Every structure is written in structure tokens, then in C-alpha cells.
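Scroll down for the structure; my scribbles are underneath it.
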Amino acid sequence: MRTELVSEPGDPDRPNEDFAAVGLPASGQGGSLVVLDGVTPPAGGTGCLHSVPWYTARLGGALTELTVSLPDVPLSDALSRAITRTAGAHAQTCDLSHPRTPQATVTLARWTPDTVEYLLLADSALLVESADGTVTPYLDDRLSLIPRAERASDAVVDARFRNKEGGFYTAAADASVASRAVTGTLPRAGVRSLTALTDGAARWVEKFGEGDWARCLDVVRKEGAGALVERVRALEGADRERRAWLGRGKTHDDATVVYAEL
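This is the structure:
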């Protein structure tokens, strides 16, 4: 098995809000990958004493442990347990009902000798390469389906769409969102590789249109995960005013890539 992990902050002077891990059980049978993209809050507070990196580190650590130690528990249940555990770590000190309590997108995959499971919550991507080389993107596209005109401000998004029916869901303090995740199971024999990307890395395809998902995977495999991030940084740097490519809330975003050949 070959795995590669790269995670780079969008701003070297700010903490990276992404989390990434690969778990390989001592049995040598299978493994899991965990990628979180912490949601940067707007100015005005979150009702929490803790930072987004604090949250993603704890949620990601719990998910890494649970996806490996509880192989028979579905990924949605593992996410629910991890959210509950993380919420319990600061429920006595923070207002977890605040719409901007620390939260994150979630991408999980777990493989055994027979199956590959996946889970996605919010706007990260999982690329599944089949045995014949076909690349299929698995996405939770609910946020992108909301018309941009209806996302006029952070306050509007929080009031109408964030963790609400008809909107989109992130992992925050309510464990019930785990049941809203995009999930599925594939035959292991039909999967050659998995690539998980936070939206800061996926913008090479989604924002800049430099290639399709198959080309994206080709860059990661042949040049390395770091090469994809370098390409994104070059494109961002060439358009600091965000004029050439619309829809970027930040000039630079945290970018994480995890690649696993099964």
C-alpha cells in the first residue's frame, strides 16, 4: 500500500484549519482516511472559547481512532460518536447552539479486504479510481446548489441554510447531522486508489478549471500531492484580486490532499 498526505495553510501566518490522517490497523487488514476542512468563522464570535484548529484536531483524532478501532460500526455512526465526544469536551464552557460554533466538513473512507466505504459532509471531494482507471468524484454538492444570490451574507447563510433542511450540513455539535451525510459502499476489488481533497486543493478543478478530476488524480499520482497544491498556489498568486475566477471567498485557502493506493 502507498499513501501520501500533504496539508498546507493558505496563510503561513495563520494556523491550518484542515486535519488529515491515515489509519492502518495493526492487523494489516484495510485502513481508513480522514480529512476535515475547518470552517473559518466570520468576525463577530462563535460562542466558543476554542479555535477551529482545536475543534478539527479533536474531531479528526476521534474519527481516526473510531474508524480503525470499530471496523463494524458504519461511518455515519462513527461520525456521530466523534461529534458527541468532541462536543462533550467543551459543552460546559461554550455555547454549542451558536450557528458558528467551531465546525468542519468531513471526508471519510475505510477499506477492508472486501469493501470500500465512504462518507462526505459538505464541500470536500473524494476521487475513487476504479480498477480500469476510471475516476469517479464523490461529492456533497448541497452548498453549491444554493443560488449564489441567496447566499448574500454570512448572516443569511447561517439563518437559512447552515445545518438546516433544504440547505447544507457540517459537523459541529449536533451529532444528528451524521445521518445527513452522503454515504456508500463499493467492492474493494473494483477500487485502485482513493484521493481526498479539501476545497482549497479541489479548486484546481472546481474554480480554476485547469483539468477534470481524472487529470487531477493524474497530477497527484505522477507528481505528488504537493505538486497539486503548488499548482493551486501559482494560480491563486496570479489572480490575487480574484477577478479571473469568481466564487473564491479567499485568495488562498488551506489545501489538503490525501492519496491512498489500495
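If you read the sequence shown in my numbering, its first letter stands for residue 102, the second for the next number, and so on.
Beta carbons are placed, not taken as given, at the ideal position from N, Cα and C, and that holds for glycine.
All values derive from a computational prediction rather than experimental measurement.
C-beta contact flag for T206 and L137 at 8 Å: Taking 8 Å as the Cβ cut-off, T206 and L137 qualify as a contacting pair.
Can you tell me where the beta strand (DSSP E) holding Y43 begins and where it ends? Coverage of the chain is limited to positions 102 through 363, which leaves residue 43 absent and any answer about it impossible.
Between which two residues does the alpha helix (DSSP H) harbouring P154 extend? 153–170
Assuming D178 is part of the alpha helix (DSSP H), what are its boundary residues? 176–189
Taking just the CA atoms, how far does P248 sit from L336? Distance from the CA of L336 to the CA of P248, rounded to the nearest whole angstrom, comes to 25 Å.
Euclidean distance between Cα positions of V306 and P154: 26 Å
Hey, L287 and T235: beta-carbon distance below 8 Å or not? no
Close beta carbons around H191, own chain, < 8 Å, minus the five adjacent residues each side: C149, L150, H151, L197
Answer yes or no: do L222 and A282 have a C-beta to C-beta separation smaller than 8 Å? yes
Using three-state DSSP, classify P261 as helix, strand or coil. This sequence places Arg at residue 261; Pro is not what is there. Helix, per DSSP.
Alpha-carbon to alpha-carbon, R289 and D233: 13 Å
Enclosing beta strand (DSSP E) for V123 [first to last residue]: 119–124
Locate the alpha helix (DSSP H) running through V107, then write down its first and last residues. Taken as a continuous stretch (DSSP letters only), V107 belongs to no alpha helix (DSSP H), being part of the beta strand (DSSP E) at 103–109.
May I ask you to report which of helix, strand or coil DSSP gives G131? coil
Quick check on R249: does DSSP put it in helix, strand or coil? Note: R249 maps to helix in three-state DSSP.
Does the distance from the C-beta atom of G111 to that of H353 stay below 8 Å? yes
Taking DSSP as the reference, what is the three-state secondary structure of A226? strand
Exposure label - S133; buried when at least 16 CB within 10 Å: Burial check for S133: the Cβ neighbour count within 10 Å reaches 16 or more, so the residue is buried.
7 Å Cβ shell around K351 - same chain, five flanking residues per side excluded: G111
Which one of G124, G291, E324 has the shortest CA to CA distance from E230? G291
Quick one: using the 10 Å Cβ neighbour count with 16 as the cut-off for buried, is L318 buried or exposed? Only buried fits L318, as 16 or more other CB atoms lie within 10 angstroms of its CB.
How big is the Cα-Cα spacing for L209 and R182? Going by the C-alpha atoms only, they are around 14 Å apart.
From what residue to what residue does the beta strand (DSSP E) around A279 run? No beta strand (DSSP E) holds A279; DSSP gives it neither H nor E.
Buried or exposed by the 16-neighbour rule on C-beta atoms within 10 Å, applied to L171: exposed
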